[in-house]
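Taking it in order: structure first as structure tokens, then the write-up.
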Amino acid sequence: MKTLILLRHAKSSWKDMSLADFDRPLNKRGLRDAPFMAKKFVEKQFIPEVMLVSPALRTKLTAEEFVQALGPTWEGKLLYQPQIYEAYYQTLLELIKQQPAQVQTLLLIGHNPGLTSLANFFSSQYIENVPTTGIVGFELNIRQWQDLSAEFARLVFFDFPKNYFPK
Numbered sequence: 003m004k005t006l007i008l009l010r011h012a013k014s015s016w017k018d019m020s021l022a023d024f025d026r027p028l029n030k031r032g033l034r035d036a037p038f039m040a041k042k043f044v045e046k047q048f049i050p051e052v053m054l055v056s057p058a059l060r061t062k063l064t065a066e067e068f069v070q071a072l073g074p075t076w077e078g079k080l081l082y083q084p085q086i087y088e089a090y091y092q093t094l095l096e097l098i099k100q101q102p103a104q105v106q107t108l109l110l111i112g113h114n115p116g117l118t119s120l121a122n123f124f125s126s127q128y129i130e131n132v133p134t135t136g137i138v139g140f141e142l143n144i145r146q147w148q149d150l151s152a153e154f155a156r157l158v159f160f161d162f163p164k165n166y167f168p169k
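Residue numbers (the working numbering): 3 to 169.
Right under this line is the structure:
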């Protein structure tokens, strides 16, 4: 049994229009939501051995909050993967399938629309949108990541900031 967690980066800023999309930082809401959702994630006790992260600034900053929430005893690996940025779900799926068998829990931090498409590939329940700092967790009835397919996935949680901070 393996666990796959999909996390969309926290809300980013469009304030400085001179910045490339890749270089956008988190906005005020993102700075609030990232540490809050990181804490909620740790409470679920799904501790990833590996985090696969887009190298865009907003995903890096989101990942830093999750690493901090996991604490100084976290012994996992944080790996920046350029192919996650602007990836279609098929690219994300292939990247996941390349992970070593000894990894039991994997966290992928990326972007829409690929992340929502990947969540829907695995989920029996339609997810209209994985919002910013939204986290989707799946249990996978597989031994090797290379065997990953939708038929072996079961949605175990879908959480996001508006569950706690309604408008």
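For every residue, glycine included, the Cβ atom is placed at its ideal position computed from N, Cα and C.
- By the C-beta criterion, the region 22-41 is judged not to be in contact with the region 115-126, since fewer than 3 inter-stretch pairs fall below 8 Å.
- The residue among P50, T75 and A71 with its C-alpha nearest the C-alpha of L81 is P50.
- Cβ-Cβ separation between R26 and L117: approximately 17 Å, too far for a contact (criterion under 8 Å).
- In the three-state reduction of the DSSP assignment, L97 falls in the helix class, which pools H, G and I.
- Look at Y91 here: in three-state DSSP terms it is helix.
- L109 and S20 have their alpha carbons spaced roughly 31 Å apart.
- Take the alpha-carbon of L157 and the one of D23: they are about 31 Å apart.
- For G112, no alpha helix (DSSP H) run applies; the uninterrupted beta strand (DSSP E) run containing it begins and ends at T107 to G112, by DSSP.
- Per DSSP, the unbroken beta strand (DSSP E) holding E141 starts and ends at I137 to L142.
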